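Enquirer: Protein chains in written order, with the numbering used here: chain A, 8 to 171; chain B, 22 to 525.
All C-beta atoms in this analysis are idealised placements derived from N, C-alpha and C, irrespective of residue type, glycine included.
Treat the numbers as computed from the prediction; the structure is a model and nothing was measured.
One structure, pasted below without further comment.
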């Protein structure tokens, strides 16, 4: 997901301009020179300026320095090259599973939805079924015990209500 | 005074208070150490429990849980690079770098020791300095608040180890997110695109969970499992802490003082205290180049700072009913519920209750040392568990925790969206922490800014006229210009930079 600075910078310019314009359209507080319109206007202009600066590479010198200090998984970068074209799409799995939870939890219930989420995440991270299956079977109950029972979060029961 | 102190002791030495305090401490430690569950949320979830307790026991649970949660947020920060609470976000990278260097004991020990010291310093401020400090904060107008908030935001760009332009862009993004909703000066729906779910705005906690936790799981999907950390028993956690205390006593004191001041100021809590202190520590350090590579100095100062702010956050809450931070806001609700209405009279009419609160804070912070060490030893087993077992549980906690904040599914959508935003930003060198600070402080900045503009009739001059405002303005602008000065310095001395870059 490493995009060139010109792409992210241009995106910020567009976003900044859009929010400045959006702020401009908002009505001010009656009888006052300023209102809900000022803040988005200021932010939008600031964001657009930052975007321009990024497109032109201002402040880029500060970043080179950081590249020298591998923050995390430094040694991992050398190993295991990406497999295939769709490899980088795997990163979208966690948010996709969260959206799945939003859609499915009310119908399937917390336990089943959570078990699916756990199994998929665990397998995607390379767990064998010997680990993933018991984890998927037990962890939803544990989480339900903490949140549903102790903290009284109204988790949906759905198809498989918990015994408590 | 002595009589009230004895009365206060009698109030807290009941079994109910002792058990409530102990249970809340364990609860706070566990919740604070779970990524995605903040100290504020731990406190909020305690409120139903406090219905069943006596006033002092109710306050005891809040005091104990919030203090413990702020400390134990350091644990996942150090072991997993996921801050357990926003207050630990400022130095989670630093603590994680220390763990990678094999200094997990030192990082966690510094967390528990300087948290306890900071907490006690905070109580002392609450006891001694409360009235005069609160008066100073009360005399602040929106101009001062505006500059103070701006200074806090600029601090996020100072601690970022990335391009300052990108950090400022991240901050603006966060402020833009905070614009969403109808909570603005005009009360009109702004950037809601007709979606009712967006009317209430974006909650900071799901956004935080998204950028810190979900984005971390996303990164885990692409990176191969890191080589297992060498198995070793945790050495003595408190070893070397006394040496650190002596070595960094000035940093510790500065952290305590900054934490106390920021805690007292309404709206600025433990997270901002940690950011400001970490930035200060880096800027005033003799070895700033070590920051970000696993250097304990920043941990000492910020750890002492965020816990100090917890107790001092109660100063404006108790005196005026103005919350010093989100935790104190919840505490005010409980105080009202229990008939201890905040106000200056509380200190005269219910003096023994006030002393009881002080004593509970002190006890909670002393209790933090043994319980914290035990918690670190239990939490250390996270290091032995495979990533494929931890990440799914974190995912579940993200989903359920973000749902629990407002009991609605939109929180989960927010988490997913901010997971993607955080992932993309991090991958492209935009510091997410700057955005988070923008989201958290956006409403406060806007309120101060717009109210000031209305007062000054659109003129900029009154922003600098009041002496305190002028000082804060100078600091904020200085922070803004700092990268420019560094850049100019490097341009003038290109050779030196080259040497410095290669020596890293």
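1. Take residue 91/B as the anchor and find which of 260/B, 393/B, 285/B has the nearest alpha-carbon.
2. Rounded to whole angstroms, what's the CA-CA distance from residue 153/A to residue 144/A? Just pull it up for me.
3. Going by beta-carbon coordinates alone, are residue 317/B and residue 125/B separated by less than 8 Å?
4. Going by DSSP, what residue range makes up the alpha helix (DSSP H) through residue 398/B?
5. Buried or exposed: residue 84/B, going by 16 or more other Cβ atoms within 10 Å of its Cβ?
6. What residues from the segment 448–477 of chain B come within 7 Å of chain D, judged by C-beta to C-beta, listed N to C?
7. Quick check: what's the CA-CA separation for residue 25/A versus residue 162/B?
8. Assuming residue 103/B and residue 234/B make a contact with CB atoms under 8 Å, what is their CB distance in whole Å?
9. With a cut-off of 8 Å, does the C-beta of residue 114/A fall near any C-beta of chain B?
10. Which residue marks the beginning of the alpha helix (DSSP H) containing residue 132/B, and which one marks its end?
11. Within the same chain, show all residues whose beta-carbon is closer than 7 Å to that of residue 39/B, passing over the 5 residues directly before and after it, in chain order.
12. Mind reading off the beta-carbon distance from residue 112/A to residue 120/A? Whole number of angstroms is fine, and I expect it under 8 Å.
13. So residue 485/B is in the alpha helix (DSSP H); what residue range does that whole segment cover?
14. Note down the Cα distance separating residue 212/B from residue 29/A, rounded to an integer number of angstroms.
15. When you compare only the Cα positions, how much space is there between residue 452/B and residue 116/A?
16. For residue 211/B, which of helix, strand or coil comes out of DSSP?
17. Is it buried or exposed for residue 87/B, if we count other Cβ within 10 angstroms and need 16 for buried?
18. Counting only beta-carbon separations shorter than 8 Å, does residue 87/B have a partner in chain A?
19. So which residues of chain B does residue 65/A contact, with C-beta pairs closer than 8 Å?
20. Please compile the residues from chain A whose C-beta is within a distance smaller than 7 Å of the C-beta of residue 441/B.
21. In angstroms with no decimal places, state the Cα-to-Cα distance between residue 455/B and residue 27/A.
22. Under 8 Å between beta-carbons, which chain B residues line up against residue 33/A? List them in chain order, please.
23. Assign residue 357/B to buried or exposed, taking buried as 16 or more other Cβ atoms, counted over all protein chains shown, within 10 Å of its Cβ.
24. Rounded to whole angstroms, how far is the Cβ of residue 220/B from the Cβ of residue 210/B, which I believe are closer than 8 Å?
25. Across which residues does DSSP place residue 1/A in a beta bridge pair?
26. The alpha helix (DSSP H) spanning residue 25/B covers which residue range?
27. To which residues does DSSP link residue 202/B through a beta bridge?
28. Among the residues of its own chain, which have a CB less than 6 Å from the CB of residue 77/A, if the five just before and after it don't count?
29. Just to make sure I have the definition right: I need the residues of chain B whose C-beta is within less than 7 Å of the C-beta of residue 62/A. Which are they?
30. Residues of chain B with a CB under 8 Å from the CB of residue 144/A: which are they?
31. Just mark residue 187/B as buried or exposed, buried being the case when its beta carbon has 16 or more other beta carbons within 10 Å.
32. Would you be able to state if there are at least three C-beta pairs under 8 Å between the segment 106–116 of chain B and the segment 288–297 of chain B?
33. How should residue 375/B be labelled, buried or exposed, when 16 other C-beta atoms within 10 angstroms of its C-beta is the threshold for buried?
Expert: Here's the rundown:
1. Along the second chain, read from residue 1 onward, the residue named residue 91/B stands at position 70. Nearest of 260/B, 393/B, 285/B to residue 91/B, Cα basis: 393/B.
2. As a working mapping, residue 153/A is identified with position 146 in the first chain. As a working mapping, residue 144/A is identified with position 137 in the first chain. Approximately 16 Å, taken between the alpha carbons.
3. Numbered from its first residue, the second chain carries residue 317/B at position 296. Numbered from its first residue, the second chain carries residue 125/B at position 104. Judged by their CB atoms, residue 317/B and residue 125/B are not nearer to each other than the 8 Å cut-off.
4. Indexing the second chain from 1 puts residue 398/B at position 377. Residue range 372–400 is occupied by the alpha helix (DSSP H) that includes residue 398/B.
5. Reading the second chain from its first residue, position 63 is the one you call residue 84/B. Residue burial is scored here from C-beta neighbours: residue 84/B has at least 16 other C-beta atoms within 10 angstroms and is therefore classed as buried.
6. The chain inventory of the structure shown lacks chain D, comprising the protein chains A and B.
7. Translated into the one-based positions of the first chain, residue 25/A becomes position 18. Translated into the one-based positions of the second chain, residue 162/B becomes position 141. Looking at the backbone, the Cα of residue 25/A and that of residue 162/B are separated by about 32 Å.
8. Translated into the one-based positions of the second chain, residue 103/B becomes position 82. Translated into the one-based positions of the second chain, residue 234/B becomes position 213. Right, their Cβ atoms sit about 6 Å apart.
9. Mapped onto the first chain, residue 114/A falls at position 107. It does not: the Cβ of residue 114/A has no partner Cβ on chain B nearer than 8 Å.
10. Counting from one through the second chain, the residue named residue 132/B turns up at place 111. Unbroken alpha helix (DSSP H) run through residue 132/B: 125–149.
11. Position 18 of the second chain, counting from 1, holds the residue named residue 39/B. Shown here for residue 39/B: not one same chain residue has a beta carbon closer than 7 Å to its own, the five before and five after excluded.
12. Reading the first chain from its first residue, position 105 is the one you call residue 112/A. Reading the first chain from its first residue, position 113 is the one you call residue 120/A. Right, their Cβ atoms sit about 5 Å apart.
13. If you number the second chain from 1, residue 485/B lands on position 464. 483–486 is the span of the alpha helix (DSSP H), which, as asked, contains residue 485/B.
14. Locating residue 212/B in the second chain gives position 191, counting from the first residue. Locating residue 29/A in the first chain gives position 22, counting from the first residue. Their backbone Cα atoms lie some 8 Å apart in a straight line.
15. On the second chain, residue 452/B is found 431 positions in, with the first residue counted as 1. On the first chain, residue 116/A is found 109 positions in, with the first residue counted as 1. Approximately 37 Å, taken between the alpha carbons.
16. Along the second chain, read from residue 1 onward, the residue named residue 211/B stands at position 190. DSSP, read as helix, strand or coil, puts residue 211/B in strand.
17. Counted from its first residue, the second chain places residue 87/B at position 66. Residue 87/B comes out buried.
18. By one-based count along the second chain, residue 87/B stands at place 66. Chain A, which has no Cβ nearer than 8 Å to the Cβ of residue 87/B, makes this no.
19. Position 58 of the first chain, counted from the first residue, corresponds to residue 65/A. Neighbours of residue 65/A on chain B, chain order: 186.
20. What you label residue 441/B is simply residue 420 of the second chain in a count that begins at 1. The contacting residues are 102.
21. Counting from one through the second chain, the residue named residue 455/B turns up at place 434. Counting from one through the first chain, the residue named residue 27/A turns up at place 20. When rounded, the distance between both Cα atoms is 20 Å.
22. Mapped onto the first chain, residue 33/A falls at position 26. Simply 207, 209, 211.
23. In the second chain, counting from the first residue as 1, residue 357/B sits at position 336. Residue 357/B is classed as exposed because its beta carbon has fewer than 16 other beta carbons within 10 Å across all chains shown.
24. On the second chain, residue 220/B is found 199 positions in, with the first residue counted as 1. On the second chain, residue 210/B is found 189 positions in, with the first residue counted as 1. Contact holds; Cβ gap of about 6 Å.
25. Residue coverage of chain A in this structure runs from 8 to 171, which leaves residue 1/A outside it and unanswerable.
26. For the purposes of this step, residue 25/B is taken as residue 4 along the second chain, with counting starting at 1. Note, residue 25/B: alpha helix (DSSP H), 23–33.
27. Translated into positions along the second chain, residue 202/B becomes position 181. Among the bridge pairs identified by DSSP, residue 202/B is matched with 211/B.
28. Translated into positions along the first chain, residue 77/A becomes position 70. Low confidence applies to residue 77/A: its pLDDT is 40, below 50, so where it sits in the model is not reliable enough to give any reading.
29. Mapped onto the first chain, residue 62/A falls at position 55. For the C-beta of residue 62/A, not a single chain B residue is nearer than 7 Å; the gap to the nearest is close to 10 Å.
30. As a position in the first chain, residue 144/A is number 137, starting the count at 1. Simply none; closest approach about 12 Å.
31. Position 166 of the second chain, counted from the start, is the residue given in the question as residue 187/B. Counting the other Cβ atoms within 10 Å of the Cβ of residue 187/B gives 16 or more, which makes it buried.
32. A contact exists between the segment 288–297 of chain B and the segment 106–116 of chain B.
33. Locating residue 375/B in the second chain gives position 354, where the first residue counts as 1. By the 10 Å Cβ count, residue 375/B comes out buried.
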